[in-house]
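First up is the structure itself, then whatever we jot down about it.
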Amino acid sequence: MSFLVKVSAWFLDPVHWQGSAGVPNRLLEHVLMAGAATLVAALIALPIGIALGHFGRGGNAAINISNVGRAIPSFAVLVLAFEVVGIGAPPAFIALTLLAIPPIVTNSYVGVKEVDPDVKDAARGMGMRERKILFAVELPLAVPLIMAGIRTSAVQVVATATLAALVAWGGLGRYIIDGFAQQDYVQMFAGAVLVAALAVATELALGAVEFMLVPRGLRESGAAPAGPPQAKAA
Amino acid sequence: MNLFLDATDPWIRVSYLQNHAADFEADLAEHVELTLIAVLVGLLIALPLGVLIYRRRGLRNPVLGVTGVLYSIPSLALFAFLIPYTGLTYVTAEIGLVGYTILILVRNTVVGLEAVPADVRDAARGMGYRPLKQLLWVELPLALPSIFAGVRIATVTTIGLVTVTALIGEGGLGRLILEGLIRDFKTPLVVGTVLSILLAAVADLGLAGIQRLVMPWSR
C-alpha cells in the first residue's frame, strides 16, 4: 500500500499544481488540444458523412474508412506526423485530427442514411423542400449516431494525445512518459490516474450530451443501445 | 553511420531492409503471438461472462455500462497502472490487451444472444430442449455471427494496440515504429507501420473467410 500512499502524496504536493509542468496547465493543454482536434475533425467529417448519407452515395467508402482507420495504429500516425512536420504541437494536432475523422464520417453517414424512407416520404408529402427534409427530419433523427461518432473520436483523441508526449508535446501524457523514462513510477502512476480520469470524464460527459440531444420521440425505448465499442486507437 | 538529424533520410533505405529482414520477421511473429493470446484468452473469459450477463438480466446494464467506461481508459494509462505491480513484462502487456478484447467480446456476445428471436427460443423449449442444450445448440449458434464480428473487431484493434506496448519493452512491430521515432529514421517506421496495417487487413479478411466457411447462415 505504501506505493499508493506515495501517489497520494504526489497529488497533495503543491509543487505539482504550479507552473507550466503543473497539473492545471497540463490538463488545460490536453483538453485544448483534444478539443481543437475533435472540432476540426468534425468540421471536415460531418459535411462529408451527412452529404454521402443524404444522397445515398459512396456507402462502401464511408463504412470502410472507419475499418481502415481501426487498422492504422495511432502510434504510427503520430510518429509519421513527427517525421513530416517535426516536434511539438503541430504533429500532435495533425495526427489527432486525422484519427478523429473516420468514426465521425461513418457514423454521420449511417445515421442519415438509415432514416426511415417512409418518414422522408411523409416529409416530402407535407411539402418540405429537400433542404428542409435534411435539416428538420434527417439530421434530428441522425443526432444519436452522429454524437456517438463524435464521442468515439473525442475519447480516442484524448487517449492518443497521451502518446503525443513522445513527440515532445505537453499534455497529461508527459507525466507518464517522463515518469517512465526517469523510472519515477509514482509520477507515472499519478499521470495515469489523471489521463484515465480525463478519458472517462470525456466519455461520460459526451454520453450525457448525446442523451440530451436525442429527440424526445426517440427516447421511449427503455434498454440502452449496446452497439459494439467502435474504436480503440491508443 | 550517424543517422540522427540526417536531412537526406529517405522514406525507405534499401540497405536497411536487406540487413534487417530477420528482425522484421521476429517482430511480426511476436506481434501475431501477442495478438493471438489476447484474443483467445479474451474469448475464454468473455464468452462465459457474456452468457452469464444474458441469463441474469439485472447484470446487463451495469456490466455493459462499466465495460464501456473501462474501454475509454487509454492503453498507456492502463500499462502505467500495471507496471508498478507486474513490471515491464509480457504479462503487463497481455493483461492490458486481454482486458480490452474482453470489453469488446462481452458486448458482442450479449448483443448476439439478445438478438435470438423469442419464437426460436419458444420452439426450442417446446421441443423439450433443456436450458443448457438450448444455449449450446440454438442460442449460441445464432449469436455466433455477432460474436464473430466482435472477434474481428477485437483482433484488428489489438493489432493496433500491440504497437503501443513497444513503450513498455514488448511491441512486436511497434518496436520498429519506436525505433523510427528514437533514431529519427524513417525506414523502420515505414516498415513497422505498413506491416502492422497489412497484418490487420490479412487478419480481418482471413477471419471473414473463416466466418463464411463455418457459418454459411450468417451471409
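Chains as they are written, first to last, in this note's numbering: chain A, 1 to 234; chain B, 235 to 453. Positions of the beta carbon are idealized from the N, C-alpha and C atoms, including for glycine.
Boundaries (first-last residue) of the alpha helix (DSSP H) holding residue i
{"i": "A/HIS16", "result": "Unbroken run through A/HIS16: none, as it is neither H nor E."}
{"i": "A/ALA76", "result": "74-85"}
{"i": "A/ARG70", "result": "59-71"}
{"i": "A/LYS120", "result": "117-125"}
{"i": "B/TYR363", "result": "Here B/TYR363 belongs to no alpha helix (DSSP H), and DSSP marks it neither H nor E."}
{"i": "A/PRO103", "result": "89-113"}
{"i": "B/THR320", "result": "309-320"}
{"i": "A/MET212", "result": "185-213"}
{"i": "B/LYS420", "result": "420-448"}
{"i": "B/VAL248", "result": "248-289"}
{"i": "B/ARG409", "result": "408-416"}
{"i": "A/LEU28", "result": "23-55"}
{"i": "B/GLY384", "result": "374-398"}
{"i": "B/ARG341", "result": "324-348"}
{"i": "A/ARG174", "result": "173-181"}
{"i": "A/ALA142", "result": "139-163"}
Chain A contact residues for residue i, given Cβ-Cβ distances below 7 angstroms
{"i": "B/PRO318", "result": "PHE3, TYR185 and PHE189"}
Proximal residues of chain B, C-beta to C-beta of residue i below 9 angstroms
{"i": "A/ILE94", "result": "Chain B residues near A/ILE94: none, gap ~15 angstroms exceeds 9 angstroms."}
{"i": "A/ILE72", "result": "GLY394, THR427, SER430, ILE431 and ALA434"}
{"i": "A/VAL105", "result": "Those do not exist, as A/VAL105 stays about 18 angstroms from chain B at its closest Cβ, beyond 9 angstroms."}
{"i": "A/GLY149", "result": "None at all; the shortest Cβ gap to chain B is about 15 angstroms."}
Integer Cβ distance of residue i from residue j, believed to fall under 8 angstroms
{"i": "A/ALA142", "j": "A/VAL112", "result": "5 angstroms"}
{"i": "A/SER108", "j": "A/LEU46", "result": "6 angstroms"}
{"i": "B/LEU268", "j": "B/VAL396", "result": "5 angstroms"}
{"i": "B/GLY276", "j": "B/LEU370", "result": "Rounded, the Cβ-Cβ distance is 21 angstroms, inconsistent with contact."}
{"i": "A/GLY179", "j": "A/GLU29", "result": "About 17 angstroms; that fails the 8 angstroms criterion."}
{"i": "B/ALA352", "j": "A/THR162", "result": "Actually they do not touch by this definition, with Cβ atoms about 45 angstroms apart."}
{"i": "B/GLY406", "j": "B/HIS254", "result": "That pair is no contact at about 15 angstroms."}
{"i": "B/ILE454", "j": "B/ALA377", "result": "Because chain B spans 235 through 453 in this model, residue 454 of chain B falls outside it and cannot be assessed."}
Under 8 angstroms by beta carbon: chain B residues contacting residue i
{"i": "A/ALA199", "result": "SER306, ILE307, PRO308 and ALA311"}
{"i": "A/ALA196", "result": "ILE307, PRO308, ALA311, LEU312 and PHE315"}
{"i": "A/ILE176", "result": "LEU310, ALA311 and ALA314"}
Within chain B, the residues that residue i reaches when beta carbons sit closer than 7 angstroms
{"i": "A/GLY86", "result": "The contacting residues do not exist; A/GLY86 stays about 10 angstroms from chain B at best."}
{"i": "A/VAL79", "result": "ILE411, GLY414, LEU415 and LEU423"}
{"i": "A/ALA192", "result": "ALA311, ALA314 and PHE315"}
{"i": "A/PHE75", "result": "THR397, VAL398, GLY408 and ILE411"}
8 angstroms Cβ cut-off: residues of chain D touching residue i
{"i": "A/PHE211", "result": "No chain D appears in the structure shown, which is made up of the protein chains A and B."}
Residue i beta carbon near the ligand GDP (any heavy atom closer than 6 angstroms)
{"i": "A/PHE3", "result": "Annotation note on the ligand GDP: not contained in the displayed structure, which lists no ligands."}
Closer than 9 angstroms at the beta carbon, the chain A residues around residue i
{"i": "B/TYR324", "result": "Those do not exist, as B/TYR324 stays about 17 angstroms from chain A at its closest Cβ, beyond 9 angstroms."}
Counting pairs of Cβ atoms below 8 angstroms between the stretch 432-448 of chain B and the stretch 76-85 of chain A, do you hit three or more?
-> no
Validate contact between the stretch 314-333 of chain B and the stretch 201-215 of chain A using beta carbons, cut 8 angstroms, 3 pairs = no
Examine the Cβ distances between the stretch 413-429 of chain B and the stretch 238-258 of chain B and report whether three or more of them are shorter than 8 angstroms.
-> Using a Cβ-Cβ distance cut-off of 8 angstroms, the stretch 413-429 of chain B and the stretch 238-258 of chain B are in contact, since at least three pairs of beta carbons, one from each stretch, lie closer than that value.
Inter-stretch contact (C-beta, 8 angstroms, three-pair minimum) for the stretch 311-324 of chain B and the stretch 351-370 of chain B | As far as the Cβ criterion goes, the stretch 311-324 of chain B does not touch the stretch 351-370 of chain B, which means the pair count is below three.
Evaluate contact between the stretch 299-311 of chain B and the stretch 197-213 of chain A, counting only Cβ atoms and requiring at least three cross-stretch pairs below 8 angstroms.
-> Contact between the stretch 299-311 of chain B and the stretch 197-213 of chain A is present, because at least three Cβ pairs lie under 8 angstroms.
Does the stretch 125-132 of chain A come within contact of the stretch 22-40 of chain A, defined as at least 3 CB pairs closer than 8 angstroms?
-> no
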